[in-house]
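Novice:
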Amino acid sequence: MTQKPPGLESLPQENVLVKIEEGIAWVTLNRPSKRNAFNPAIVYEMVQVMDVLEMEESARCVVITGAGDAFSAGQDLKEYFREMDAGHPMLRERLYRANSAWQWRRMMHYPKPTIAMVNGWCFGGAFQVLLACDLAVADEEATFGLSEINWGIIPAGIVTKSVAMALSQRKALYYILTGETFDGRTAEDIGIVNFAVPKDQLVAKTTAIAKKLIEKNPNVLRACKTAYHYTREMSWDAAAEYLAAKSDQTKFWDPEKGADKGMKQFLDEKSYRPGLGAYRRD
Ligand code: COA
Numbered sequence: 003m004t005q006k007p008p009g010l011e012s013l014p015q016e017n018v019l020v021k022i023e024e025g026i027a028w029v030t031l032n033r034p035s036k037r038n039a040f041n042p043a044i045v046y047e048m049v050q051v052m053d054v055l056e057m058e059e060s061a062r063c064v065v066i067t068g069a070g071d072a073f074s075a076g077q078d079l080k081e082y083f084r085e086m087d088a089g090h091p092m093l094r095e096r097l098y099r100a101n102s103a104w105q106w107r108r109m110m111h112y113p114k115p116t117i118a119m120v121n122g123w124c125f126g127g128a129f130q131v132l133l134a135c136d137l138a139v140a141d142e143e144a145t146f147g148l149s150e151i152n153w154g155i156i157p158a159g160i161v162t163k164s165v166a167m168a169l170s171q172r173k174a175l176y177y178i179l180t181g182e183t184f185d186g187r188t189a190e191d192i193g194i195v196n197f198a199v200p201k202d203q204l205v206a207k208t209t210a211i212a213k214k215l216i217e218k219n220p221n222v223l224r225a226c227k228t229a230y231h232y233t234r235e236m237s238w239d240a241a242a243e244y245l246a247a248k249s250d251q252t253k254f255w256d257p258e259k260g261a262d263k264g265m266k267q268f269l270d271e272k273s274y275r276p277g278l279g280a281y282r283r284d
């Protein structure tokens, strides 16, 4: 018999708060007094949170946001950098590995849809989380910045690579080299968030997007994400071959047999138009 994976009750709910409402897992980075900077405690707790939510059936979409007036001020300069640099190299190595594990390795290929809800300050390492989420909504007054240049480091972790993938060369280098801050509206203009809205509409807008995602076939949603990330790095020929195989695999493993249902409802029953909405999933 397979062992039951740890559930929500196993989470400390200290540095990261998790609640699930109507299929949406609201994950709140919870160090508001330090602007939700990523210290070792948050890093290790987030690894746990993402692990638990992956298997938690009531969580169909994950939203990541911050407590107080910050999304996150990025890596913790004291606890993540200074103290780790001065400590045992293996502890530093382990922390960096855990940080990559949740911030992008796990997030980028997370089997459920993810949304970053940027409610305030978003600096440095927080870009890694923002850009690893599938979608993002920001308070139009939120402040974003690649501040690393201002204190003598490069945007490391995987920030420079994420920014290079998401922005044009002109925009990426401008913000990396100047460290200039920009607001949520600009974040929408340059394409690192989907929507910038007034603060009082942030939760409603995020909820509306999450609900759209939750209505979709989760098996196919997962395959769409995987296919997107892998094909970006492939040659055209390899991508065509991969997508053909992935498409067959997705149909084969789909427990609700969505492709058959959709085909039947469109071609035989003539009861719906795939261009205009989802097939009946019952
Ligand atoms: N690492 C460690 N501590 C941080 C932090 C970070 N990245 N960001 C904020 N804090 C701490 C401050 O040291 C302060 O701690 P204290 O109360 O013990 O003095 C507390 O959080 C509040 O910060 P403060 O600067 O007073 O808040 P603010 O609202 O005036 O400004 C920011 C918010 C985000 C603009 C500012 O804190 C800042 O520039 N942070 C650094 C951002 C950064 O460069 N991140 C990149 C890291 S890779």
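Each residue of the sequence shown is one higher than the last, beginning at 3 in this note's numbering.
Glycine included, every Cβ here is placed at the ideal spot set by N, Cα and C.
Quick caveat: nothing in here was measured; it's all calculated off a predicted structure.
#1: My output table needs one value for Met119: the three-state DSSP class, helix, strand or coil.
#2: Could you say if the region 86-105 and the region 166-178 meet the contact criterion of at least three C-beta pairs nearer than 8 Å?
#3: Keeping to the same chain, check which residues put their C-beta closer than 7 Å to that of Phe129; ignore five residues upstream and five downstream.
#4: How big is the Cα-Cα spacing for Val54 and Thr209?
#5: Let me make sure I understand the geometry here. Which of Tyr176, Gln267, Leu223 and Gly70 has the alpha-carbon closest to that of Ile192?
#6: Check this for me: beta carbons of Glu47 and Pro8, under 8 Å apart or not?
#7: Does DSSP classify Ala280 as helix, strand or coil?
#8: For Asp136, report the span of its beta strand (DSSP E) as first-last.
#9: For ligand 1, is there a heavy atom less than 7 Å away from the beta-carbon of Ser60?
#10: Name the one or two DSSP bridge partners that Ile26 has.
#11: Could you give the first and the last residue of the continuous beta strand (DSSP E) run that contains Ser74?
#12: Determine the closest residue to Ala225 out of Lys213, Leu245 and Thr188, with distance taken between C-alpha atoms.
#13: Just the C-alpha distance for Ile194 and Asn221, rounded to the nearest angstrom, thanks.
#14: Compute the beta-carbon to beta-carbon distance between Ile211 and Ile117, rounded to the nearest angstrom, for a pair I have assumed lies under 8 Å.
#15: Is there contact here, the region 76-85 with the region 25-41, by at least three beta-carbon pairs under 8 Å?
#16: Let me check understanding here. Comparing Cα to Cα, which of Gln5, Cys63, Ser12 and Lys36 lies closest to Glu23?
#17: Suppose you measure from the CA of Leu132 to the CA of Glu271; what does that come to, to the nearest Å?
#18: Check whether the region 137-147 and the region 195-204 are in contact - that is, three or more C-beta pairs closer than 8 Å.
#19: What first and last residue would you give for the alpha helix (DSSP H) that runs through Phe83?
Specialist: With the structure as the only source:
#1: Taking the first residue of the sequence shown as 1, we reach residue 119 at position 117. Met119 falls in the strand class under three-state DSSP.
#2: no
#3: Against the sequence shown, residue 129 aligns to sequence position 127. So the qualifying residues of the chain are Leu148, Val161, Ser164 and Val165.
#4: What you label residue 54 is simply residue 52 of the sequence shown in a count that begins at 1. What you label residue 209 is simply residue 207 of the sequence shown in a count that begins at 1. Cα-Cα distance, rounded: 21 Å.
#5: Residue numbering aside, residue 192 sits at position 190 when the sequence shown is read from its first letter. Nearest option by C-alpha distance: Tyr176.
#6: One-based indexing of the sequence shown puts residue 47 at position 45. One-based indexing of the sequence shown puts residue 8 at position 6. No, they are not a contact pair.
#7: Translated into positions along the sequence shown, residue 280 becomes position 278. Residue state, collapsed to three classes: coil.
#8: Sequence index remark: in the sequence shown, residue 136 carries index 134 (1-based). Looking at the DSSP string, Asp136 is not in any beta strand (DSSP E), and its letter there is neither H nor E.
#9: Here residue 60 corresponds to residue number 58 of the sequence shown, with the count starting at 1. No.
#10: To locate residue 26, count along the sequence shown from 1; it is residue 24. DSSP output for Ile26 lists Glu23 and Cys63 as bridge partner(s).
#11: Taking the first residue of the sequence shown as position 1, residue 74 is located at position 72. Where Ser74 is concerned, the enclosing beta strand (DSSP E) starts and stops at Ala72 to Ser74.
#12: Here residue 225 is taken as the residue at index 223 of the sequence shown, counted from 1. Ranking the options by Cα distance to Ala225, first place goes to Leu245.
#13: The sequence position of residue 194 within the sequence shown is 192, counting from 1. The sequence position of residue 221 within the sequence shown is 219, counting from 1. The alpha-carbon atoms of Ile194 and Asn221 are separated by roughly 26 Å.
#14: In the sequence shown, the residue the question calls residue 211 occupies position 209. In the sequence shown, the residue the question calls residue 117 occupies position 115. The Cβ separation is near 6 Å, so the contact holds.
#15: yes
#16: Counting from one through the sequence shown, the residue named residue 23 turns up at place 21. Considering only alpha carbons, the answer is Cys63.
#17: Sequence index remark: in the sequence shown, residue 132 carries index 130 (1-based). Sequence index remark: in the sequence shown, residue 271 carries index 269 (1-based). About 42 Å.
#18: yes
#19: To locate residue 83, count along the sequence shown from 1; it is residue 81. Element bounds for Phe83: n/a, residue is neither H nor E.
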